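Residue numbers (UniProt numbering): 1 to 293.
For glycine and all other residues, C-beta sits at the position ideal for the given N, C-alpha and C.
Computed from a predicted structure; not experimentally measured.
A short worksheet on the structure shown next.
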Amino acid sequence: MPRVVAIANYKGGVGKTTLASVIAATLSERFGRRVLIVDADPQANITEVFIPPTSFEKLLGFSKTHQKVFSIEWIAGSGEPVIYRVSDNLAVIPSKPEYIGLAKYVIVPAERIYSLRNDVDQKLSEFEYVILDLPPQMYGLIGPLIKMADALISPVTKTSFALTALYYLIRDIRGTPPNDKPPFIGAVLTRFRTIEKINIDIYRRRTKRIVEEAYSSYGMKWELEGKIPSPVFENVFFAHPKLADIRALPFDPSENVRLLRVLRGRVKYAPSIISFVEPLVKEVEHRVSKALE
């Protein structure tokens, strides 16, 4: 069965899509895992990352001809999903911009979450990982969808609002039955510069405290305590000039596997990006394995 990993934070602009894209791309193209991304965000950012505009237009036609639906309709139970193959190991269930005006009216009942998870386990069993790129809290999709995941990761930037959003995210999840699912496997510090060692240490401590406070408000302990040293990832997803306005694509077919961007054509990421992405993704795999023990 696939391992379902949710990437979420109630706050927008903290790097959820960027983190989801590099985790998925690195798992699939560097580590050889079979990965499916579900773009559950009506803004369709990760769809734009991985699907060129001409291919997206063809997908629209394909979906109508073959009675397939895009992500949010599939999530709501309105049909079978259209799946776009990015590479041999990577695929996307895309979103589309039309959802921006509709998603706030979508209600996903609890029973659909169970059937959706069954769909993933039975019909999408070819994949080893399913990465859920979730929207901010302005949409009601985030809470129900998290409940179908095997693990939750939350990106955190150096703002108090990102930490506050993490606090309420954990509280809401732990306060909603089943309150032991999904396991929170850690917060990833994002958009720090490599030279900010003091800031990183400060925010690692602050984030750990916020997580502990969120759990203790329900008289609980972090579920992976004793299995993993800290609820904050050891590896930081550092800021990088090429990540300021672009995200990730999976590989350069003409050379060695590497992350790229698409901006007025195909442009390579700097190889230095791999130096902090690969250790982070190795830690993701380790933490997910611990959560499923």
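Original post:
My guess is that I210 and Y168 are in contact by the Cβ rule of under 8 Å, so how many angstroms apart are they, rounded?
Top reply: Actually they are not in contact, since the Cβ atoms of I210 and Y168 sit about 10 Å apart, beyond 8 Å.
**OP:** For K195, count neighbouring Cβ atoms within 10 angstroms of its own Cβ and tell me buried if that reaches 16, exposed if not.
**Re:** Before going on, a small fix: residue 195 reads as Ile here, not Lys. Looking at its Cβ environment, which holds fewer than 16 other Cβ atoms inside 10 Å, I195 is exposed.
Subject >> Cut-off 7 Å between Cβ atoms - residues of its own chain near L224, not counting five sequence neighbours on either side >> reply: P183, I185, K290, A291
Original post:
For L124, which of helix, strand or coil comes out of DSSP?
Top reply: coil
Original post:
Are there three or more Cβ pairs, one per stretch, closer than 8 Å when the stretch 62 to 71 is compared with the stretch 16 to 30?
Top reply: no
Subject >> Secondary structure of Y84, DSSP reduced to three states >> reply: strand
Original post:
From A6, T190, S28, W74, pick the residue whose C-alpha is nearest to that of N235; which is it?
Top reply: T190
Subject >> Under the three-state DSSP convention, the category S230 falls into >> reply: In this structure, S230 counts as coil in the three-state DSSP scheme.
Subject >> Reduced DSSP secondary structure (H/G/I, E/B, other) of K268 >> reply: Unreliable placement is indicated for K268, whose pLDDT of 41 sits below 50; no coordinate value is reported for it.
Original post:
Of all the options D201, F276, I142, which has the alpha carbon lying nearest to the alpha carbon of I7?
Top reply: I142
Subject >> beta strand (DSSP E) segments (min. 3 residues) lying fully within the stretch 13 to 71 >> reply: 35 to 39
Original post:
Can you tell which of P135, K123, G77 has its C-alpha closest to the C-alpha of R112?
Top reply: G77
Subject >> Contact under 7 Å by Cβ, I72 with V106 >> reply: Yes; because the gap between Cβ atoms is below 7 Å, this pair is in contact.
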